[in-house]
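Protein chains in written order, with this note's numbering: chain W, 1 to 124; chain S, 125 to 248.
What follows is a short report on a single structure.
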DNA sequence: TATTGACTTTGAGTTAACTCCAAGTTGTAA
DNA sequence: TTACAACTTGGAGTTAACTCAAAGTCAATA
């Protein structure tokens, strides 16, 4: 799969894909004899994970660390498990904050809907 | 309430509070005769909202727009309601992505827990 | 009232995460 | 076999959101 096809599949720019590879968010991608990226199944799986975790606010730095540990082999299993648990906690905490904001928003939106009938907000 | 007290109450730096005021994430804060910030109830309510919405990933730019509309008065009620609904949708979408990442993480963590018993990952 | 610490502003600097550019290479279609 | 789009690298530039520094002002205490 060419870089272009991966871009289109995941709606991400080629620059970002190359950046991820350069800094180590994903391991080095398979290349053709001429040096052009030719994404294999496993390369794509790494891309998919990277996008998924970035979308959940996981820092690039953390993904780099995970890939680094992964490449060091089985001796880093504990470290990787801890890293994933830490990431999990961060996401759970972030989600709580999102819920609080949603509550606040829903309250405000409700008040605006009343206001839209009268043309005025009674307070705020 | 002094800037320091507000900082401590919301675990945010004075620089960030001043920055929020400077760029318009919150309206101008009440001052003493000497020009020193003296946060009143309403000032604090704005701070609280700003922090809450920023924590949910709402861009500073959007908060600035809301404050600007708010200051223009009742004629902007529709615009403000739309802005809040847009913000709400963004948060709902972000939460979905967080859930997908959580699923992936839970799967991986589960596999690592098995691996930790055997000392090896069977695949990945 | 003098000192000390917290406050003020303006503007510059930092960080994370891309995003763009220039100059050169690869691969395909005519 | 040449033209041309799509690829490559290394490095510089951008954006959002702070964060810091310098130089000066305010206010509580000794």
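The beta-carbon is built from N, C-alpha and C at its ideal position, and this holds for glycine as well.
{"Query": "Check whether chain W comes within 7 Å of residue 212 (chain S), counting only Cβ atoms and requiring the distance to be less than that.", "Result": "yes"}
{"Query": "Among the candidates S:214, S:245, S:125 and S:237, whose CA atom is the shortest distance from the CA of residue 55 (chain W)?", "Result": "S:214"}
{"Query": "I'd like to check one pair, residue 105 (chain W) with residue 204 (chain S): are the Cβ atoms closer than 7 Å?", "Result": "no"}
{"Query": "Kindly indicate which residue of S:159, S:200 and S:245 has the alpha-carbon position closest to the one of residue 112 (chain W).", "Result": "S:200"}
{"Query": "Hey, is residue 108 (chain W)'s beta-carbon within less than 7 Å of any beta-carbon in chain S?", "Result": "yes"}
{"Query": "Return no unless some Cβ of chain W is closer than 7 Å to the Cβ of residue 225 (chain S).", "Result": "yes"}
{"Query": "Along chain S, in chain order, which residues have C-beta atoms closer than 7 Å to that of residue 94 (chain W)?", "Result": "222"}
{"Query": "Strictly below 7 Å CB to CB, what residues from chain W border residue 244 (chain S)?", "Result": "74"}
{"Query": "Leaving out the 5 sequence neighbours to the left and right, which residues in its chain are closer than 8 Å to residue 156 (chain S) when beta-carbon positions are compared?", "Result": "162"}
{"Query": "Can you grab the Cα-Cα spacing for the pair residue 222 (chain S) / residue 101 (chain W), in whole Å?", "Result": "15 Å"}
{"Query": "Please confirm whether residue 11 (chain W) has its beta-carbon closer than 7 Å to some beta-carbon of chain S.", "Result": "no"}
{"Query": "Return the first residue and the last residue of the alpha helix (DSSP H) that residue 173 (chain S) is part of.", "Result": "165-179"}
{"Query": "Of all the residues that make up the stretch 38-58 of chain W, which are near chain S by a beta-carbon distance shorter than 8 Å?", "Result": "49, 52, 53, 55, 56, 57 and 58"}
{"Query": "Which one or two residues does DSSP pair with residue 142 (chain S) in a beta bridge?", "Result": "None, per the DSSP bridge assignment."}
{"Query": "Which same chain residues end up closer than 7 Å to residue 64 (chain W) when comparing Cβ atoms and leaving out the 5 residues on each side of it in sequence?", "Result": "23, 24 and 25"}
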